[in-house]
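Structure first, then comments.
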């Protein structure tokens with residue numbers, strides 16, 4: 007119950023290394039999740055938070071390192087670079103907005119970007135006090151099986167798209183360990 011995704015699109019080694027560290031944490035959480043009969047719901051929040059944080063790290067690496075500070079021999083998307091050059095993009099929300107604006111994931115006619123924003127809001131509920139009074143107020147209603155599966159599907163689509171559309175040149179492959187996702191693949195073919 008896992009599958010491997012090539013890390014051939016990652017630019018900064020340490021980001022890829024930290025993603026792998028978090029995926030190892032996820033693997034442990036999923037092993038426990040699969041063993042539990044009741045109380046599975048107690049592991050859903052950290053699973054969603056890590057899945058969403060990995061998605062953010064991938065978008066950060068792509069926008070900040072592959073677009074903004076592109077290797078001179080590997081320039082991508084000059085029109086995007088021109089549009090975001092002076093903008094301060096330091097939050098997951100900004101990365102999702104740029105991904106949607108330029109349709110990085112070929113999903114403009116779907117609810118994919120809306121799902122990303124929803125997961126971002128859930129991830130921000132790591133702050134237990136819920137100072138923004140987001141609903142639902144009960145975290146047990148917010149972090150549920152449906153949201154866990156959505157976080158898996160969103161991360162999987164991001165990874166699949168990054169490999170197909172944004173892989174780096176061959177000489178940059180294999181310097182980051184490939185990513186092992188600890189669930190059965192949702193999409194045998196890309197969902198677009």
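Residue numbers (the working numbering): 7 to 198.
In this text, a Cβ means the ideal position worked out from N, Cα and C, and glycines have one as well.
Keep in mind it's a predicted model, so treat the numbers as computed, not measured.
Between the CA atoms of residue j and residue i - distance to the nearest angstrom
i           : j           : result
residue 190 : residue 160 : 14 Å
residue 61  : residue 164 : 7 Å
residue 34  : residue 179 : 27 Å
residue 170 : residue 72  : 15 Å
residue 156 : residue 52  : 14 Å
residue 176 : residue 11  : 16 Å
residue 185 : residue 56  : 14 Å
residue 75  : residue 63  : 16 Å
residue 21  : residue 70  : 12 Å
residue 104 : residue 98  : 10 Å
residue 181 : residue 131 : 34 Å
residue 113 : residue 162 : 14 Å
residue 138 : residue 43  : 33 Å
Burial state of residue i, where buried means 16 or more other Cβ atoms lie within 10 Å
i           : result
residue 144 : exposed
residue 58  : buried
residue 193 : exposed
residue 101 : buried
residue 129 : buried
residue 187 : buried
residue 39  : buried
residue 65  : buried
residue 167 : buried
residue 134 : exposed
Beta bridge counterpart(s) of residue i as assigned by DSSP
i          : result
residue 11 : 185
Cβ distance (whole Å) where residue i is taken to contact residue j below 8 Å
i           : j           : result
residue 183 : residue 24  : The Cβ separation is near 11 Å, so there is no contact.
residue 127 : residue 140 : 7 Å
residue 54  : residue 149 : 6 Å
residue 68  : residue 172 : 7 Å
residue 50  : residue 151 : 7 Å
Contact with chain D by residue i, beta-carbon distance below 8 Å
i          : result
residue 23 : Among the chains of the structure shown, chain D does not appear; only one protein chain is present.
Just checking, does the segment 106-119 make contact with the segment 128-148 on the three C-beta pairs under 8 Å criterion?
These segments do not touch.
I want to know whether the segment 13-22 touches the segment 116-134 - three or more CB-CB distances under 8 Å.
Fewer than three Cβ pairs drawn from the segment 13-22 and the segment 116-134 lie within less than 8 Å of each other, which leaves the two stretches out of contact.
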